[in-house]
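Asker: Encoded as structure tokens, here's the structure I'll be asking about.
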Amino acid sequence: MDILKITLNFFKMCGLATMRFDAGTTQNTSVQSSWCTSSKKGQVYNLFLICLITASNGYVATIVYEYNISTQEFDKSFDVAQYIYTSATTVAILMLYCFCQGRAVSIVNNLKIMHKLVTNVNSRLSKEEEPTMGGLKRIAIMTTVIWFVVVFTSCNLSFGVVMYYLTLYPCILIINCTFLQYTMILHLLKQLFAILNANFRYVSRQSIVPKIAVAATNSMLQISTKKTQPFSDLCELYTSLCDLSMDISKFYHLAMLFCVSHVFITLTTWLYYITKPLVTGAIELSIIDYTHSLLILMHNFFMLFILTKSVDAVVDEKTGKITNRWLANLQDQHLVNELNLFSNYLLHKNVSFTVYGLFSLNETLLMSITGSITTYLVIILQFQSGVQK
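Number 854 in the working numbering belongs to position 97 of the sequence shown; there are no gaps in the numbering.
Here you go:
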């Protein structure tokens, strides 16, 4: 629980958790007890961050243009545009958590309730399926290491560059933490789906038994009802978890639209800076500058990669395969009818994580972004070659 408190406080500091965390409810055995509540202080804090970023970054945007190390107007304008968009992305994220606090509180409380309900179905199966914190710790450590190396390779200490990084890095930190927060929630969803699937498999093994002659019809009906009840409970939990997944996806629509587009712009910009000397014959970057540029590319790609892998991990927890195998070996007609209804639900219920339906946050996004970056990079480099001629 200490790790959970530290994580939540860190997100609060970044403006990504405006709610109030009630530590007393963590010891409460009641399923329906609220874990987080709305907080006016959290909203005021986010409004303060929004005003601070808008004022400071608006002023520094003019300095970025004047103190830019590049001598070409195109590169200066490119830097300013990227800087402004990074600031706008941060402001949009902070506004989302400020003005949609009620939705965020509801999602967090529902996650807590769903986790307790799912893990209480079968404690032994829950322990078997529950992943360790090792994966998330490795992600956090790797991200932190790359982040610090990126900061320390920013060795140019002129006034303009110092002001640029002093105002830019907090914005990038908020954007990266948004990716990490979404990734952590997806890991939790994947765990809950995995536990439910383990329970589905367990119930299916208990239901597939050799036929036993039962003299009384009432006895057969009673046995059938006992078999159906655990399955009905699992179905209710599964449908609730699917609905919660859709609520989470909708909440992050705006944030991911800005974050993914920010990553796209950042990757395009820094690839342009790396490849430009090779194409145009301009002054080459120093080794430290190349290292700094490559680390920024690596960091942004890594954030997008772990998000898409997490989305695919949730979607891959398909229950339909389990129910289909179950149907093929089942003799109980009453349970067969229940399974058919649930299979029909699975056929029409598609758990997906998208951005307003424009694109899915799965591994296909990486291929789409790679192709788009290549196209835009060729266009920009051709434009630069034409200008120099």
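Cβ coordinates follow ideal geometry from the N, Cα and C atoms, glycine included.
1. For Ser997, which residues from the same chain have a beta carbon less than 7 Å from its beta carbon, with the 5 sequence-adjacent residues on both sides left out?
2. For Asn1107, report the span of its alpha helix (DSSP H) as first-last.
3. With Thr876 as the anchor, note down where its alpha helix (DSSP H) starts and where it stops.
4. Starting from Asp1069, trace the alpha helix (DSSP H) both ways and give me its first and last residue.
5. Pick out whichever of Asn877, Leu804 and Val907 has its Cα sitting closest to the Cα of Trp1027.
6. Is the CB-CB distance between Leu1096 and Leu853 below 8 Å?
7. For Tyr959 and Cys999, what's the separation of their Cα atoms in angstroms?
8. Is Thr1032 near Leu1134, with beta carbons less than 8 Å apart?
9. Tell me whether Met770 sits in a helix, a strand or coil according to DSSP, three-state version.
10. Do you know offhand how far Lys833's Cα is from Ser1100's?
11. Is Gln979 helix, strand or coil when you go by DSSP?
12. Applying the 10 Å Cβ sphere with the 16-neighbour rule, what's the burial state of Leu698?
13. Determine the burial state of Ile954: buried for a count of at least 16 other Cβ atoms within 10 Å of its Cβ, exposed for fewer.
14. Taking one C-beta from the region 764–782 and one from the region 791–805 each time, how about it: are there three or more such pairs within less than 8 Å?
15. Check whether the region 922–929 and the region 837–855 touch, using three or more Cβ-Cβ pairs below 8 Å as the test.
16. Given a threshold of 16 other Cβ atoms within 10 Å of its Cβ, counted over all protein chains shown, does Met1124 qualify as buried or as exposed?
Answerer: Considering the structure as presented:
1. Excluding sequence neighbours, Ser997 sits near Met871.
2. It is not in any alpha helix (DSSP H) - Asn1107 carries neither H nor E in the DSSP assignment.
3. Gln858 to Thr876
4. For Asp1069, the enclosing alpha helix (DSSP H) starts and ends at Ile1044 to Val1072.
5. Answer by Cα proximity: Val907.
6. no
7. Each residue's CA atom was taken as its position, placing Tyr959 and Cys999 some 21 Å apart.
8. For Thr1032 and Leu1134, yes; Cβs fall inside 8 Å.
9. helix
10. Their backbone Cα atoms lie some 57 Å apart in a straight line.
11. At Gln979 the pLDDT is 46, less than 50, meaning the model places this residue with poor confidence; the figure from the coordinates comes in the next sentence. Correct three-state label for Gln979: helix.
12. Any answer about residue 698 is impossible in this case: the structure gives the chain only from 758 up to 1146.
13. Note that residue 954 is Asn in the sequence shown here, rather than Ile. Per the 10 Å Cβ criterion, buried.
14. yes
15. Segments in contact, yes.
16. exposed
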